[in-house]
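Worksheet: one structure, shown below.
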Ligand SMILES: C[S@@+](CC[C@H](N)C(=O)[O-])C[C@H]1O[C@@H](n2cnc3c(N)ncnc32)[C@H](O)[C@@H]1O
């Protein structure tokens, strides 16, 4: 699971849960896979993210070094920033661990890089 | 559009995961036919719901190298296969074991595609998470599809596009009507007769 994906996942489908966002990450295996760097693409992704959630997720995995807590205004032109964002968004991968719903504490396992977000019928709103 | 490599897949795994068939390729052909439209819209995030082997979303990812792909499937083995198909073909993708698109925050995806379990069956035959989930569609073959239809306005970005494969038994006109209540226009992108089954791909947009 890449951190861009984590930025989009919620447990709000759980009965009684209002936002279910962001999910906490507990990782037992994190990999960094090399991905071709495309600055334009990263610049296009940034405004679509919840940056604070990304920063906190990266920080909880020990990968927030060099990553600003707030996006500066002309980030499109800042190659170094885009490169750091690229790494955190696309290269860092949680292979094993689990995600936790911030409201209910329900855990969602991540196995071989794939989060299991399935719920039982009794758990659904 | 190029057909993704599949030679990394162990044939025996198709006992558990939907093997690419005419419907998979019709959906790829529909996306190819509409590629210029898709390229003009510069999609950032594309999602395939029920990705099975992953050939369709991987083909789309190969054709749109500036997009990031996501896939869901209710069948974990399908999620694993989709991930390996994307890697084998150098496509950036994340695979999630999820019911339809129920675990995503709203309005993220510019393109959503779905080749659903569309075979008309008894209601109690659908809703599993093994190989039977790849075809068993319940009443009108639409029970799974209809659940997704009602999520589409929340899943898509305002300019987003949804591609859906159906067969005539699914009563496509009703699907068009449901989507029009959410202010979606529709078009038939492609149709093909496969043995005794009339397959088509519909496109929905605002
Ligand atoms: C007809 S197969 C299509 C597979 C692949 N997309 C293709 O075109 O070759 C339908 C797929 O939808 C998946 N599926 C069925 N119900 C689902 C659900 N509720 N949520 C997610 N995936 C589902 C099945 O496991 C299967 O992989």
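Protein chains in written order, with full-length UniProt numbering: chain A, 1 to 125; chain B, 1 to 206.
Beta carbons are placed, not taken as given, at the ideal position from N, Cα and C, and that holds for glycine.
These numbers were taken from a predicted model, which means no experiment stands behind them.
Closer than 7 Å: residue i CB and nearest ligand 1 heavy atom
{"i": "residue 48(B)", "result": "yes"}
{"i": "residue 20(B)", "result": "yes"}
{"i": "residue 51(B)", "result": "yes"}
{"i": "residue 74(B)", "result": "yes"}
{"i": "residue 144(B)", "result": "yes"}
{"i": "residue 116(B)", "result": "yes"}
{"i": "residue 30(B)", "result": "no"}
{"i": "residue 112(B)", "result": "no"}
{"i": "residue 95(B)", "result": "no"}
{"i": "residue 56(B)", "result": "yes"}
{"i": "residue 84(B)", "result": "no"}
{"i": "residue 82(A)", "result": "no"}
{"i": "residue 13(B)", "result": "no"}
{"i": "residue 166(B)", "result": "no"}
{"i": "residue 55(A)", "result": "no"}
{"i": "residue 43(A)", "result": "no"}
{"i": "residue 119(A)", "result": "no"}
{"i": "residue 51(A)", "result": "no"}
{"i": "residue 100(B)", "result": "yes"}
{"i": "residue 133(B)", "result": "yes"}
{"i": "residue 63(B)", "result": "no"}
{"i": "residue 59(B)", "result": "no"}
{"i": "residue 40(B)", "result": "no"}
{"i": "residue 27(B)", "result": "yes"}
{"i": "residue 64(A)", "result": "no"}
{"i": "residue 224(B)", "result": "For chain B, the structure presents residues 1 to 206; residue 224(B) sits outside this window and is missing."}
{"i": "residue 24(B)", "result": "yes"}
{"i": "residue 77(A)", "result": "no"}
{"i": "residue 58(A)", "result": "no"}
Whole-number beta carbon distance between residue j and residue i, since they are thought to touch under 8 Å
{"i": "residue 114(A)", "j": "residue 97(A)", "result": "Not a contact, Cβ separation roughly 11 Å."}
{"i": "residue 71(B)", "j": "residue 51(B)", "result": "4 Å"}
{"i": "residue 100(B)", "j": "residue 49(B)", "result": "6 Å"}
{"i": "residue 116(B)", "j": "residue 145(B)", "result": "4 Å"}
{"i": "residue 2(B)", "j": "residue 59(B)", "result": "7 Å"}
Span separating the alpha-carbon of residue i from that of residue j
{"i": "residue 159(B)", "j": "residue 28(A)", "result": "39 Å"}
{"i": "residue 198(B)", "j": "residue 141(B)", "result": "14 Å"}
{"i": "residue 90(A)", "j": "residue 23(A)", "result": "18 Å"}
{"i": "residue 73(A)", "j": "residue 66(A)", "result": "17 Å"}
{"i": "residue 73(B)", "j": "residue 13(B)", "result": "15 Å"}
{"i": "residue 86(B)", "j": "residue 25(A)", "result": "24 Å"}
{"i": "residue 81(A)", "j": "residue 121(A)", "result": "44 Å"}
{"i": "residue 202(B)", "j": "residue 35(B)", "result": "15 Å"}
{"i": "residue 68(A)", "j": "residue 95(A)", "result": "25 Å"}
{"i": "residue 42(A)", "j": "residue 103(A)", "result": "31 Å"}
{"i": "residue 40(B)", "j": "residue 116(A)", "result": "34 Å"}
{"i": "residue 63(B)", "j": "residue 85(A)", "result": "25 Å"}
{"i": "residue 75(B)", "j": "residue 103(B)", "result": "15 Å"}
{"i": "residue 193(B)", "j": "residue 83(B)", "result": "31 Å"}
{"i": "residue 93(B)", "j": "residue 68(B)", "result": "6 Å"}
{"i": "residue 113(B)", "j": "residue 154(B)", "result": "15 Å"}
{"i": "residue 125(B)", "j": "residue 118(B)", "result": "12 Å"}
{"i": "residue 13(A)", "j": "residue 81(B)", "result": "26 Å"}
{"i": "residue 38(A)", "j": "residue 107(B)", "result": "24 Å"}
{"i": "residue 40(A)", "j": "residue 75(A)", "result": "11 Å"}
{"i": "residue 186(B)", "j": "residue 63(A)", "result": "44 Å"}
{"i": "residue 134(B)", "j": "residue 57(A)", "result": "34 Å"}
Sheet register partners of residue i (DSSP bridge)
{"i": "residue 145(B)", "result": "DSSP output for residue 145(B) lists no bridge partner at all."}
{"i": "residue 47(B)", "result": "70(B) and 112(B)"}
{"i": "residue 164(B)", "result": "114(B) and 202(B)"}
{"i": "residue 54(B)", "result": "Residue 54(B) is not bridged to any residue."}
{"i": "residue 2(A)", "result": "93(A)"}
{"i": "residue 136(B)", "result": "119(B)"}
| request: Anything in the region 40–54 of chain A with a Cβ closer than 7 Å to a Cβ of chain B? List those residues in chain order, please. | output: Cβ contacts with chain B come from 41, 44, 45 and 48.
| query | Which residues, in chain order, does the region 140–174 of chain B contribute to contact with chain E at a C-beta distance below 8 Å? | reply | Of the protein chains in this structure, namely A and B, none is chain E.
| According to a CB-to-CB cut-off of less than 7 Å, which residues of the region 78–98 of chain B neighbour chain A? | Taking 7 Å as the Cβ-Cβ cut-off against chain A, the residues of the region 78–98 of chain B that qualify are 79, 80, 83, 92, 94, 95, 96, 97 and 98.
| query | Residues in the region 69–101 of chain A with C-beta within 8 Å of chain B's C-beta atoms, listed in sequence order? | reply | From the region 69–101 of chain A, only 90 have a Cβ closer than 8 Å to chain B.
| query | Which of the residues in the region 56–76 of chain B, read from start to end, lie with their CB under 9 Å from any CB of chain A? | reply | Sequence-ordered contacts of the region 56–76 of chain B with chain A read 65, 66, 67, 68, 70, 72, 74 and 76 [C-beta pairs closer than 9 Å].
| For the region 8–26 of chain B, which residues have a beta carbon sitting closer than 7 Å to at least one beta carbon of chain A? | Of all residues in the region 8–26 of chain B, none has a Cβ within less than 7 Å of some Cβ in chain A.
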